[in-house]
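Q:
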Amino acid sequence: MSAHSLPDTNAIWHNLESDQALELLSTDPDRGLSTQEVAQRLQRYGVNELQESGGRSSWEILVDQFKNIMLLLLIAVAIVSGILDLIKWQSGTLPPEELPFKDTIAILAIVVLNGILGYVQESRAEQALAALKKLSSPNVRVIRDRKQLEVAAKDLVPGDIMLLEAGVQVAADGRLLEESNLQVRESALTGEAEIVSKRANITLPEDAPLGDRLNFVYQGTEVVQGRAKVLVTGTGMNTELGKIAEMLQSVDSEPTPLQKRSNELGNTLVTGSLILVAIVIGVGLLTLGWGSFQELVEVSLSMAVAVVPEGLPAVITVTLALGTQRMVRQNALIRKLPAVETLGSVTTICSDKTGTLTQNKMVVQTIFVNNREFRVTGEGYTPQGEFLLDGDRIWLDNHPEVSALLVACAVCNDAVLQQESGKWSILGDPTEGALVTLAAKGGVEKDQWDSKLPRVGEFPFSSERKRMSVICQLERVDRGIASLGDVDPVFSQRIRQEQYIMFTKGSPELVLARCSQWDDGQNRVLMTEDVRQRILKENDYMASHGLRVLGFAYKPLLEKPSPDSEETSETELVWLGLVAMMDAPRPEVRAAVQECRDAGIRPIMITGDHQLTARAIALDLGIATDQDEVLTGKDLQKMSNQELENHVNAVSIYARVAPEHKLRIVQALQRQGRFVAMTGDGVNDAPALKQADIGIAMGITGTDVSKEASDMILLDDNFATIVAATKEGRVVYTNIRRFIKYILGSNIGEVLTVAAAPLILPFNPAVGIGVPLSPLQILWMNLVTDGLPALALAVEPPEPDVMKRPPFSPKESIFARGLGSYMVRIGIVFAVTTITMMAWAYRHTHDPSYTGNPDTWKTMVFTTLCIAQMGHAIAIRSNNRLAIEMDPFSNIFVLLSVVITTILQLMLVYVPPLRAFFGTHYLNMQELLICIGFSSLMFIWIEAEKIFFRIIGKKNV
Numbered sequence: 001m002s003a004h005s006l007p008d009t010n011a012i013w014h015n016l017e018s019d020q021a022l023e024l025l026s027t028d029p030d031r032g033l034s035t036q037e038v039a040q041r042l043q044r045y046g047v048n049e050l051q052e053s054g055g056r057s058s059w060e061i062l063v064d065q066f067k068n069i070m071l072l073l074l075i076a077v078a079i080v081s082g083i084l085d086l087i088k089w090q091s092g093t094l095p096p097e098e099l100p101f102k103d104t105i106a107i108l109a110i111v112v113l114n115g116i117l118g119y120v121q122e123s124r125a126e127q128a129l130a131a132l133k134k135l136s137s138p139n140v141r142v143i144r145d146r147k148q149l150e151v152a153a154k155d156l157v158p159g160d161i162m163l164l165e166a167g168v169q170v171a172a173d174g175r176l177l178e179e180s181n182l183q184v185r186e187s188a189l190t191g192e193a194e195i196v197s198k199r200a201n202i203t204l205p206e207d208a209p210l211g212d213r214l215n216f217v218y219q220g221t222e223v224v225q226g227r228a229k230v231l232v233t234g235t236g237m238n239t240e241l242g243k244i245a246e247m248l249q250s251v252d253s254e255p256t257p258l259q260k261r262s263n264e265l266g267n268t269l270v271t272g273s274l275i276l277v278a279i280v281i282g283v284g285l286l287t288l289g290w291g292s293f294q295e296l297v298e299v300s301l302s303m304a305v306a307v308v309p310e311g312l313p314a315v316i317t318v319t320l321a322l323g324t325q326r327m328v329r330q331n332a333l334i335r336k337l338p339a340v341e342t343l344g345s346v347t348t349i350c351s352d353k354t355g356t357l358t359q360n361k362m363v364v365q366t367i368f369v370n371n372r373e374f375r376v377t378g379e380g381y382t383p384q385g386e387f388l389l390d391g392d393r394i395w396l397d398n399h400p401e402v403s404a405l406l407v408a409c410a411v412c413n414d415a416v417l418q419q420e421s422g423k424w425s426i427l428g429d430p431t432e433g434a435l436v437t438l439a440a441k442g443g444v445e446k447d448q449w450d451s452k453l454p455r456v457g458e459f460p461f462s463s464e465r466k467r468m469s470v471i472c473q474l475e476r477v478d479r480g481i482a483s484l485g486d487v488d489p490v491f492s493q494r495i496r497q498e499q500y501i502m503f504t505k506g507s508p509e510l511v512l513a514r515c516s517q518w519d520d521g522q523n524r525v526l527m528t529e530d531v532r533q534r535i536l537k538e539n540d541y542m543a544s545h546g547l548r549v550l551g552f553a554y555k556p557l558l559e560k561p562s563p564d565s566e567e568t569s570e571t572e573l574v575w576l577g578l579v580a581m582m583d584a585p586r587p588e589v590r591a592a593v594q595e596c597r598d599a600g601i602r603p604i605m606i607t608g609d610h611q612l613t614a615r616a617i618a619l620d621l622g623i624a625t626d627q628d629e630v631l632t633g634k635d636l637q638k639m640s641n642q643e644l645e646n647h648v649n650a651v652s653i654y655a656r657v658a659p660e661h662k663l664r665i666v667q668a669l670q671r672q673g674r675f676v677a678m679t680g681d682g683v684n685d686a687p688a689l690k691q692a693d694i695g696i697a698m699g700i701t702g703t704d705v706s707k708e709a710s711d712m713i714l715l716d717d718n719f720a721t722i723v724a725a726t727k728e729g730r731v732v733y734t735n736i737r738r739f740i741k742y743i744l745g746s747n748i749g750e751v752l753t754v755a756a757a758p759l760i761l762p763f764n765p766a767v768g769i770g771v772p773l774s775p776l777q778i779l780w781m782n783l784v785t786d787g788l789p790a791l792a793l794a795v796e797p798p799e800p801d802v803m804k805r806p807p808f809s810p811k812e813s814i815f816a817r818g819l820g821s822y823m824v825r826i827g828i829v830f831a832v833t834t835i836t837m838m839a840w841a842y843r844h845t846h847d848p849s850y851t852g853n854p855d856t857w858k859t860m861v862f863t864t865l866c867i868a869q870m871g872h873a874i875a876i877r878s879n880n881r882l883a884i885e886m887d888p889f890s891n892i893f894v895l896l897s898v899v900i901t902t903i904l905q906l907m908l909v910y911v912p913p914l915r916a917f918f919g920t921h922y923l924n925m926q927e928l929l930i931c932i933g934f935s936s937l938m939f940i941w942i943e944a945e946k947i948f949f950r951i952i953g954k955k956n957v
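Here the numbering used here is used: the first residue of the sequence shown is 1, the next is one more, and so on.
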């Protein structure tokens, strides 16, 4: 076959007969492909590997950090400051005690530190694709040139005949040609834990959902039981796994609300600063002439440094890191720091069902025996619970028909119930585990009954028969009588002279069709059409409520049947009853869903499970109501993106969805302005996790792929943990706003103070314009005086109503809800008090009788601004409560930071080496007290504001 005539691999394979599929791919099931054909197809289709598209390199990430407008401003300031120092140095006007370029070095150090901080946060490369590649099997058995060979999985091509057996990982997508009791675990791909029984000799509708394609196997899934011959139809990026990889790489990472707000803040501050610089230089040149240009530039440099909150990135990072620590204690592991704050903006939580809303443990809810329905209580696999009839507890001694059903559940079963470290778990199939647990709740222990009724034969389950049977023999007793009635009173009325008993379980309709009698607890009664219809009606009712239903029957046998006699042996059965189970909701999730509702957050269920099961769980948990619409994967397939957008605000349940559907749902919600958190555990969830504003992976059941695509991992796989993490996110955002108010209020005060100096102070041609604060001193204020108390404010405890209000819009400005006006208002108060003090101090230190350094007024301005911030820190802890109304020890870190920062500030004034480095001057007691007096006005003003707002009945920002 020439390369140009190679077959197309885009057919709807599950819709084709196996012969049609073989013909389309020009291959033979017994001969396979020839070596030459394999080589041609490898050249055409490529190797069976996932391809990675290029992302940002580490170097590009690092360079991007220095494109931040505030860092660019600081870099410009550092360069200009360095040029001015160089001019002074060369001209000999640099004071001998002053270290040259110290401002430049300090500013550039801050720039580099902030750049590194941003790089560390962003540089964690996405490893989702690498984790996806691990799902590929290294080797695979194939038929080529009529020989069975083991080849590298990457060398598979469409048309290859692949052989599967229990324990192997499927290496490519393929159409089943032959199978024998093939069972495949597809949970990594579909998200559903239930093992899928495959069938080769069927064709399916074109629109069959991924989880319902029983004649098809997928790359990355695992063969649990049986064997098969498979026609490879898709390799590499043309597999379902490849489609997920493609979707994963096509999702662009959007900036978080915090990142958007930080950019907005930077643009506003820098723009305002440049306008103010232009005004100061312009007015200065008009009034003072060009001879003052260099001094005006120095004033501008101080203003530029003052406007940039250099400590803010570090404070935000530490705040987010502290948030991650608190979240880990609540079983939420944050992978990306900005996600801590982002959680506080969530408006919609899209949750997977299995394991998150539910326990991922099948639990029997109801049994139907002797025409009566019994409810069963209990959680998970713990063998403790009660049997209720009409709401009242019953004792099984009075209901032998129930005991007989429980024996059938225990004996016709291959699962094992075990206890480790106080926790109950099962080995084996979850459905069979639920049956063993049910039996144990009724006092029927599987190991005891396995001894009483040793298994001597079985008819295994198959997807065609949809049932299984076990044949048990009575263990000989001392009297030598082989009567089952001697084994246990449960069967005293059910066994006569038979030596064996067969228990059958499976599809209720098929098991019931083979029953000629039913057990009423005392006797075998002839099966009438009325009884049969009553059982079928009950089965339909249970199934319609999302329960998985199994039917049980038994048959006494005089002799052991032959292994291939299932069709003749599984007749004339005696009906025992129905057992209905489901993956039960987690008990704590109902309260968590209600808390979501109270907090204005909408929960949505997105699952690969069946529509009826999804609806039952959603109704039980309060996620949806009876009137709510349910959309299935088939419905979504037919909808355009616009039609889906029109539905997303009304639909709370999505069932039988494929990977691309989850991605579309998240995108539709986002286009509607929703801020979406998405949970998931399977490979199929990874694209949607990456697309969501917050991707949440499962820590216990989650695949590596889903974890690497996520922002957060639930260590306990519990929906309630998401709600707790959301609360923490709201607290973090509130605290970030609190310390932004704190930091920027003082920054505005600094800028106005520096700007006012050349305009209100007398100009002395001999010494030039007096600049009250050097860039180094401003860096000290922004990093230490502002930074330490800001960190303390970051651990303020939550407000009582934090989860009783709707989420704030993720699109709201950083200056929203009065924050901007507060900053300007407080900045002006800062400036007015400091400028007033500066005017007095300038006259005081330039008085002829003054014996100290004439520049001491600058140190007084520096000290006043720093100590004023301490009062600000104490007052800003609450927006509405006075400082005296608050417990000072409820946040001891604020008190400690105020004391430590004040001591450090005084050391800059009174410790000679520090005084020399920072360019400060000694203050006498009178000057220090004047600084403290003016500083205290800041605290008095903020407290007075609270009283004023309280009087007029308005809540402060």
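The beta carbon of each residue, even a glycine, is placed where N, CA and C say it ideally should be. Just so it is clear, the structure is predicted and the values come from calculations on it, not from any experiment.
If I follow the unbroken alpha helix (DSSP H) through Ile722, where does it start and stop?
A: Here the question's residue 722 lines up with position 722 in the sequence shown. Per DSSP, Ile722 belongs to the alpha helix (DSSP H) from Phe719 to Ile760.
Q: Output the boundary residues of the beta strand (DSSP E) element that contains Pro585.
A: To locate residue 585, count along the sequence shown from 1; it is residue 585. Element bounds for Pro585: Leu573 to Pro585.
Q: Kindly indicate which residue of Asp711, Val297, Thr920 and Ser273 has the alpha-carbon position closest to the one of Gly284.
A: Along the sequence shown, one-based indexing puts residue 284 at 284. Of the listed residues, the one whose Cα sits closest to Gly284 is Val297.
Q: Measure how close the beta-carbons of Lys690 and Val217 come, nearest whole angstrom, since I'm counting them as under 8 Å.
A: Along the sequence shown, one-based indexing puts residue 690 at 690. Along the sequence shown, one-based indexing puts residue 217 at 217. Incorrect: roughly 26 Å between the Cβ atoms, too far for contact.
Q: What separation, rounded to the nearest whole angstrom, lies between the Cα atoms of Arg479 and Cys412?
A: Sequence index remark: in the sequence shown, residue 479 carries index 479 (1-based). Sequence index remark: in the sequence shown, residue 412 carries index 412 (1-based). Any reading at Arg479 must be qualified, since the residue scores a pLDDT of 39, below 50, and its modelled position is unreliable; no value is offered.
Q: With which residues is Gly506 paired in a DSSP beta bridge?
A: For the purposes of this step, residue 506 is taken as the residue at position 506 of the sequence shown. The partner list for Gly506 (beta bridge, DSSP) reads Arg467 and Gly551.
Q: Spatial neighbours of Ala650 within its chain, please: CB distance less than 8 Å, with the 5 preceding and 5 following residues excluded, ordered by chain position.
A: Residue 650 sits at position 650 when you count from the first residue of the sequence shown. Same-chain partners within the cutoff: Asp628 and Glu629.
Q: Looking only at its chain, what residues have a beta carbon closer than 8 Å to the beta carbon of Phe66, apart from the 5 residues adjacent to it on each side?
A: Taking the first residue of the sequence shown as 1, we reach residue 66 at position 66. Counting only Cβ-Cβ distances below 8 Å, and skipping sequence neighbours, we find Leu72, Ile75, Val111 and Gly115.
Q: Which residues in the same chain have their Cβ closer than 6 Å to the Cβ of Phe948, if we skip the five residues on either side of it in sequence?
A: Your numbering for residue 948 matches position 948 in the sequence shown. Hits under 6 Å: none found.
Q: Given Met1, which residues of its chain have a CB within under 7 Å of its CB, disregarding the five upstream and five downstream residues?
A: Here residue 1 corresponds to residue number 1 of the sequence shown, with the count starting at 1. Any reading at Met1 must be qualified, since the residue scores a pLDDT of 49, below 50, and its modelled position is unreliable; no value is offered.
Q: Whole angstroms is fine: what's the gap from Ala962's alpha carbon to Leu882's?
A: As shown, the chain starts at 1 and ends at 957. That puts residue 962 outside it, with no answer to give.
Q: Hey, Leu269 and Asn747: beta-carbon distance below 9 Å or not?
A: Residue numbering aside, residue 269 sits at position 269 when the sequence shown is read from its first letter. Residue numbering aside, residue 747 sits at position 747 when the sequence shown is read from its first letter. Against a cut-off of 9 Å, the Cβ pair of Asn747 and Leu269 comes out as a contact.
Q: Please report how far the alpha carbon of Ile606 lies from the alpha carbon of Val648, in whole angstroms.
A: Your numbering for residue 606 matches position 606 in the sequence shown. Your numbering for residue 648 matches position 648 in the sequence shown. Computed Cα separation, rounded: 12 Å.
Q: Report the start-end ranges of each alpha helix (DSSP H) in the segment 158-191 that is 4 residues or longer and not cut off at the edges.
A: List check, alpha helix (DSSP H) in window: 187-190.
Q: Val487: buried (16+ other C-beta within 10 angstroms of its C-beta) or exposed?
A: Numbered from 1 along the sequence shown, position 487 holds the residue referred to as residue 487. Any reading at Val487 needs caution, since the residue's pLDDT is 48, under 50, leaving its predicted position unreliable; the model's value is listed next. It is buried - the Cβ of Val487 has at least 16 other Cβ atoms within 10 Å.
Q: Let's test the definition: count the other Cβ atoms within 10 Å of the Cβ of Lys662 and tell me whether it reaches 16, buried, or not, exposed.
A: Counting from 1 along the sequence shown, the entry for residue 662 is found at position 662. When all chains shown are included, Lys662 counts as buried.
Q: Flag this pair as yes or no: are the beta carbons of Met502 and Pro556 separated by less than 9 Å?
A: In the sequence shown, counting from the first residue as 1, residue 502 sits at position 502. In the sequence shown, counting from the first residue as 1, residue 556 sits at position 556. Result yes, Cβ atoms of Met502 and Pro556 sit closer than 9 Å.
Q: Suppose the cutoff is 8 Å on Cβ atoms and the five residues either side in sequence are ignored; what does the same chain contact list for Val456 look like?
A: Sequence index remark: in the sequence shown, residue 456 carries index 456 (1-based). If we look at Val456 and ignore the five residues flanking it on each side, its Cβ neighbours are Ile471, Cys472, Gln473, Tyr500 and Lys560.
Q: Taking the beta carbon of Trp89 as the centre, do at least 16 other beta carbons fall within 10 Å, making it buried, or is it exposed?
A: Reading the sequence shown from its first residue, position 89 is the one you call residue 89. Burial call: exposed.
Q: Kindly list the residues whose CB is nearer than 8 Å to the CB of Arg326, restricted to its own chain and excluding five residues on each side of it in sequence; keep chain order.
A: Counting from one through the sequence shown, the residue named residue 326 turns up at place 326. Contacts found: Glu728.
Q: Counting beta carbon pairs with one atom in the segment 162-170 and one in the segment 425-441, are three or more of them shorter than 8 Å?
A: Contact between the segment 425-441 and the segment 162-170 is absent, because fewer than three Cβ pairs lie under 8 Å.
Q: Which value, in whole angstroms, describes the spacing of the CA atoms of Gln533 and Ala580?
A: Numbered from its first residue, the sequence shown carries residue 533 at position 533. Numbered from its first residue, the sequence shown carries residue 580 at position 580. Roughly 17 Å between the two C-alpha positions.
Q: Does the segment 699-713 come close enough to the segment 560-579 to have 3 or more Cβ pairs within less than 8 Å?
A: Result no; under three Cβ-Cβ pairs closer than 8 Å.
Q: Just reading off the beta strand (DSSP E) that Lys229 is part of, what are its end residues?
A: Taking the first residue of the sequence shown as position 1, residue 229 is located at position 229. Start and end: Glu222 to Gly234.
Q: Helix, strand or coil, according to DSSP, for Cys931 in the structure here?
A: Position 931 of the sequence shown, counted from the first residue, corresponds to residue 931. Cys931: helix per DSSP, three-state reduction.
Q: Give the DSSP-derived three-state secondary structure of Asp352 in the structure shown.
A: One-based indexing of the sequence shown puts residue 352 at position 352. If DSSP states are grouped into helix, strand and coil, Asp352 belongs with coil.
Q: Please state whether the Cβ-Cβ distance between Leu241 and Val676 is less than 9 Å.
A: Against the sequence shown, residue 241 aligns to sequence position 241. Against the sequence shown, residue 676 aligns to sequence position 676. In this structure, Val676 does not lie closer than 9 Å to Leu241 by Cβ.
Q: Measuring straight from C-alpha to C-alpha, what distance separates Asp450 and Ala408?
A: Taking the first residue of the sequence shown as position 1, residue 450 is located at position 450. Taking the first residue of the sequence shown as position 1, residue 408 is located at position 408. Roughly 11 Å separates the two Cα atoms.
Q: Spatial neighbours of Glu458 within its chain, please: CB distance less than 6 Å, with the 5 preceding and 5 following residues excluded, ordered by chain position.
A: For the purposes of this step, residue 458 is taken as residue 458 along the sequence shown, with counting starting at 1. Taken in chain order, the residues that qualify are Val470.
Q: Taking the C-alpha atoms as reference points, what is the distance between Tyr742 and Ala725?
A: The residue you call residue 742 lines up with position 742 of the sequence shown. The residue you call residue 725 lines up with position 725 of the sequence shown. Answer to the nearest angstrom: the Cα atoms are 26 Å apart.
Q: May I ask you to report which of helix, strand or coil DSSP gives Leu484?
A: As a first step, residue 484 is located in the sequence shown; it is residue number 484 there, counting from the start. Low confidence applies here, because Leu484 scores a pLDDT of 42, under 50, leaving its location unreliable and the question unanswered by this model.
Q: Would you mind sorting Val477 into buried or exposed? The rule is 16 or more other CB atoms within 10 Å of its CB.
A: For the purposes of this step, residue 477 is taken as the residue at position 477 of the sequence shown. Note on Val477: pLDDT 45, under 50, position unreliable in the model; the coordinate value appears next. Classification of Val477: exposed, given that the 10 Å Cβ count is below 16.
Q: Just to confirm, is the Cβ distance from Glu509 to Gly577 under 9 Å?
A: As a first step, residue 509 is located in the sequence shown; it is residue number 509 there, counting from the start. As a first step, residue 577 is located in the sequence shown; it is residue number 577 there, counting from the start. Contact flag unset, no.
Q: Contact between the segment 361-375 and the segment 291-306 is defined here as three or more beta-carbon pairs at a separation below 8 Å; is this criterion met?
A: Judged by Cβ distances under 8 Å, the segment 361-375 makes no contact with the segment 291-306, as fewer than three pairs qualify.
Q: Which residue wins for smallest C-alpha separation from Val232, given the options Ala11, Tyr922 and Glu927?
A: Stepping through the sequence shown from its first residue, residue 232 is reached at position 232. Among Ala11, Tyr922 and Glu927, the Cα nearest to that of Val232 is on Ala11.
Q: If you follow the alpha helix (DSSP H) that Thr901 is part of, which residue opens it and which one closes it?
A: Translated into the one-based positions of the sequence shown, residue 901 becomes position 901. Taken as a continuous stretch (DSSP letters only), the alpha helix (DSSP H) holding Thr901 covers Ile892 to Tyr910.
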